[in-house]
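Trainee: Shown below is the structure under consideration.
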Amino acid sequence: MTLPSTHDVALAAERRTAARLLLAHPLIASDGPHADLFPLIRRHADWLSKRFQQVLGYRLLVDSSYARLFKAGLGTGSGHRLERSTGTPFTPHTYACLALALSVLVTAPEQMLLSHLVADIRAAAADAGIELEETGRAAGKRTLVAALRQLVDWGVLIETEGHVAALAQEAGGEALITIDRELARVVVAGPLSQARDGADLVRRAADPSFGGPRTYVRRMLVETPVVHLDELTDAERDWLRTRQRREAQAFSELLGMEMEIRAEGVALVDPEEELTDLHLPGTGTVAQAALLLAERLVERLRPQEPGHPSTGGTLVIGVAVPDGLVDEVLAELIAEYGQRSNWQRGYLEHLPSLREAVLDLLVRMRLMARAGRLRAEGEGLPEGYVEEASEGRTVTDVHGARPGGDGWVLLAAAARYATQVTVRTATAAVKGTDIQEELPL
Numbered sequence: 280m281t282l283p284s285t286h287d288v289a290l291a292a293e294r295r296t297a298a299r300l301l302l303a304h305p306l307i308a309s310d311g312p313h314a315d316l317f318p319l320i321r322r323h324a325d326w327l328s329k330r331f332q333q334v335l336g337y338r339l340l341v342d343s344s345y346a347r348l349f350k351a352g353l354g355t356g357s358g359h360r361l362e363r364s365t366g367t368p369f370t371p372h373t374y375a376c377l378a379l380a381l382s383v384l385v386t387a388p389e390q391m392l393l394s395h396l397v398a399d400i401r402a403a404a405a406d407a408g409i410e411l412e413e414t415g416r417a418a419g420k421r422t423l424v425a426a427l428r429q430l431v432d433w434g435v436l437i438e439t440e441g442h443v444a445a446l447a448q449e450a451g452g453e454a455l456i457t458i459d460r461e462l463a464r465v466v467v468a469g470p471l472s473q474a475r476d477g478a479d480l481v482r483r484a485a486d487p488s489f490g491g492p493r494t495y496v497r498r499m500l501v502e503t504p505v506v507h508l509d510e511l512t513d514a515e516r517d518w519l520r521t522r523q524r525r526e527a528q529a530f531s532e533l534l535g536m537e538m539e540i541r542a543e544g545v546a547l548v549d550p551e552e553e554l555t556d557l558h559l560p561g562t563g564t565v566a567q568a569a570l571l572l573a574e575r576l577v578e579r580l581r582p583q584e585p586g587h588p589s590t591g592g593t594l595v596i597g598v599a600v601p602d603g604l605v606d607e608v609l610a611e612l613i614a615e616y617g618q619r620s621n622w623q624r625g626y627l628e629h630l631p632s633l634r635e636a637v638l639d640l641l642v643r644m645r646l647m648a649r650a651g652r653l654r655a656e657g658e659g660l661p662e663g664y665v666e667e668a669s670e671g672r673t674v675t676d677v678h679g680a681r682p683g684g685d686g687w688v689l690l691a692a693a694a695r696y697a698t699q700v701t702v703r704t705a706t707a708a709v710k711g712t713d714i715q716e717e718l719p720l
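First residue of the sequence shown: 280, per our numbering; consecutive thereafter.
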């Protein structure tokens, strides 16, 4: 076997670095936070464009001043939300302000006063028949400022004199804004001209088109913390199970990510911990409480004999969480860790707020979920999408792998965060070796 040359190794490393950067930051300006790596993207633009199209069905546009990777959606409930600087997620109203601002900016002059931009946004809202929260009030001002600050972060708006936050000041401060119309035009990735409404836009954006199951599964692997098998159709599960070893190698070469394959599903893991916007374990009250909650729920709800249908076992992807158990465990955690770990007072004094924040994080990490219809049952599929595996193909049966009905479900991936039991045998102790058994859900 011929070993790769030093040049080939360096070339692969450069391309991997550029691909990872685009995946984590799909809109990169030449004078933005990642300006030092922008030349790397331009140097390998053709190769990156072909690979992203072949592997994920993503379009890459590289200009002299920016690079834009047009990602596709994954369907309802699978989006990567925008957040304010405080960590508070954007509300529908904030997204409306963002969309209206973009509609104005694509044809705006190169520079304009902040007050004029706000007036144009109000006019655009009136033309579209959208009722904006009163922008003269404090709450409405803060919402509009959050949308404009996001555009500043993306490089669409440049605060030439003053800041967009001046809008939220009591006296109604002013600022001079410079606009990058080219960036404004490439922010939106979805098929706006084809969509009938918001729900239709989400469905159309998630349609992998000719790529079918292959493209959708790859996107799920790259864009979500873990893919459980019952989140895939028969055709998607068939493709994944017959290709997972080869896909593991491909993702390692392209993105430097490692694939973990389990009976319940598959996850791509980034050893560098750079390609995620979610961290668990993490710092802060919510992350600490979420980790402890997941651990204790696994301890209490772990099924006795999970297995795999191919070996005569029963596949368990999720177990029902009894009503009231989450509150019970969180109350225990507050009593045990709250004060000595300096958890936020607001969460300590108001359990519902802590529960909401913790469950939100666990859902986004795909460690817990609300019970309901799944993709394996035809939920959220684009029109005309291939749902069944090829005739004669036997796929993993996921029927009943997680409970239906109402309430919360603890998912198999939560066991990854459970306590590890270390078993020391006499022989191992002499040799100084630990035998660790990770407890699966």
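Glycine is no exception: its CB is placed at the ideal position from the N, C-alpha and C atoms.
In this text the structure is predicted, and so the values were computed from the model without any measurement.
1. Run through DSSP, which three-state label would residue 507 get?
2. In whole angstroms, what is the alpha-carbon distance linking residue 720 and residue 389?
3. Rounded to whole angstroms, how far is the Cβ of residue 737 from the Cβ of residue 302, which I believe are closer than 8 Å?
4. Helix, strand or coil for residue 687 per DSSP?
5. Thinking C-alpha only, which one of 323, 346, 387 is nearest residue 313?
6. Rounded to a whole number of angstroms, what is the C-alpha to C-alpha distance between residue 678 and residue 665?
7. Exposed or buried, residue 289, counting other C-beta atoms within 10 Å across all chains shown (16 or more means buried)?
8. Relative to the C-alpha of residue 319, which residue among 373, 425, 342 is closest?
9. State the DSSP-derived secondary structure class of residue 597, mapped to helix, strand or coil.
10. Suppose you measure from the CA of residue 330 to the CA of residue 584; what does that come to, to the nearest Å?
11. Please report the distance separating the alpha-carbon of residue 458 from that of residue 394.
12. I want to know whether the region 396 to 415 touches the region 484 to 495 - three or more CB-CB distances under 8 Å.
13. Does the pairing of the region 684 to 693 with the region 649 to 657 give three or more beta-carbon distances under 8 Å?
14. Using the C-alpha atoms, what's the distance from residue 398 back to residue 421?
15. Under 6 Å Cβ to Cβ from residue 513, same chain only, skipping five residues before and after it: list those, please.
16. Return yes when the Cβ of residue 444 is within less than 7 Å of the Cβ of residue 424, no when it is not.
17. Pull up the distance between the alpha-carbon of residue 536 and that of residue 503, whole angstroms please.
18. Tell me the rounded alpha-carbon separation between residue 626 and residue 658.
19. Rounded to the nearest angstrom, what separates residue 546 and residue 498 at their Cα positions?
20. Does the beta-carbon distance from residue 566 to residue 646 come in below 7 Å?
21. For residue 524, count neighbouring C-beta atoms within 10 Å of its own C-beta (all shown protein chains included) and say buried if the count is 16 or more, exposed if not.
22. Tell me whether residue 402 is buried or exposed, calling it buried when 16 or more other Cβ atoms sit within 10 Å of its Cβ.
23. Determine the closest residue to residue 692 out of 576, 430, 460, 563, with distance taken between C-alpha atoms.
24. Go ahead and label residue 323 buried or exposed: buried means 16 or more other beta carbons lie within 10 angstroms of its beta carbon, across all protein chains shown.
25. DSSP beta-bridge partners for residue 400?
Mentor: Concretely, from the data shown:
1. As a working mapping, residue 507 is identified with position 228 in the sequence shown. The DSSP-derived three-state label of residue 507 is strand.
2. Numbered from its first residue, the sequence shown carries residue 720 at position 441. Numbered from its first residue, the sequence shown carries residue 389 at position 110. Residue confidence is low: residue 720 scores 41 on pLDDT, short of 50, so the model does not pin down where it sits. No coordinate-derived value is stated.
3. What is shown of the chain runs 280 to 720, which leaves residue 737 out entirely.
4. By 1-based counting over the sequence shown, the position of residue 687 is 408. In the displayed model, residue 687 falls within a strand according to three-state DSSP.
5. Sequence index remark: in the sequence shown, residue 313 carries index 34 (1-based). Comparing Cα positions, the closest option is 346.
6. Residue 678 sits at position 399 when you count from the first residue of the sequence shown. Residue 665 sits at position 386 when you count from the first residue of the sequence shown. Answer to the nearest angstrom: the Cα atoms are 19 Å apart.
7. The count along the sequence shown starts at 1 and reaches residue 289 at position 10. By the 10 Å Cβ count, residue 289 comes out exposed.
8. Locating residue 319 in the sequence shown gives position 40, where the first residue counts as 1. Here the closest residue by C-alpha is 342.
9. In the sequence shown, counting from the first residue as 1, residue 597 sits at position 318. Three-state DSSP puts residue 597 in a strand.
10. What you label residue 330 is simply residue 51 of the sequence shown in a count that begins at 1. What you label residue 584 is simply residue 305 of the sequence shown in a count that begins at 1. Roughly 42 Å separates the two Cα atoms.
11. Stepping through the sequence shown from its first residue, residue 458 is reached at position 179. Stepping through the sequence shown from its first residue, residue 394 is reached at position 115. Straight through space, the alpha carbons of residue 394 and residue 458 are spaced by roughly 14 Å.
12. No, the region 396 to 415 does not touch the region 484 to 495.
13. At 8 Å Cβ cutoff, the stretches touch.
14. Within the sequence shown, numbered from 1, the residue matching residue 421 stands at position 142. Within the sequence shown, numbered from 1, the residue matching residue 398 stands at position 119. If you take the alpha carbons of residue 421 and residue 398, they lie about 16 Å apart.
15. Against the sequence shown, residue 513 aligns to sequence position 234. Excluding positions up to five away in sequence, the list reads 667, 668, 674.
16. Counting from 1 along the sequence shown, the entry for residue 424 is found at position 145. Counting from 1 along the sequence shown, the entry for residue 444 is found at position 165. It is a contact, given that the beta carbons lie within the stated cut-off.
17. Taking the sequence shown and counting its residues from 1, one reaches residue 536 at position 257. Taking the sequence shown and counting its residues from 1, one reaches residue 503 at position 224. Distance between the alpha carbons of residue 536 and residue 503 is about 13 Å.
18. Working through the sequence shown from its first residue, we reach residue 626 at position 347. Working through the sequence shown from its first residue, we reach residue 658 at position 379. Those two C-alpha atoms are separated by around 35 Å.
19. Counting from 1 along the sequence shown, the entry for residue 546 is found at position 267. Counting from 1 along the sequence shown, the entry for residue 498 is found at position 219. For the pair residue 546 and residue 498, the Cα-to-Cα distance works out to about 12 Å.
20. What you label residue 566 is simply residue 287 of the sequence shown in a count that begins at 1. What you label residue 646 is simply residue 367 of the sequence shown in a count that begins at 1. No.
21. By 1-based counting over the sequence shown, the position of residue 524 is 245. Classification for residue 524: exposed.
22. On the sequence shown, position 123 is the one that residue 402 refers to. Flag for residue 402 reads exposed.
23. Working through the sequence shown from its first residue, we reach residue 692 at position 413. Closest by alpha carbon: 576.
24. The count along the sequence shown starts at 1 and reaches residue 323 at position 44. Only buried fits residue 323, as 16 or more other CB atoms lie within 10 angstroms of its CB.
25. One-based indexing of the sequence shown puts residue 400 at position 121. The partner list for residue 400 (beta bridge, DSSP) is empty, contrary to what the question assumes.
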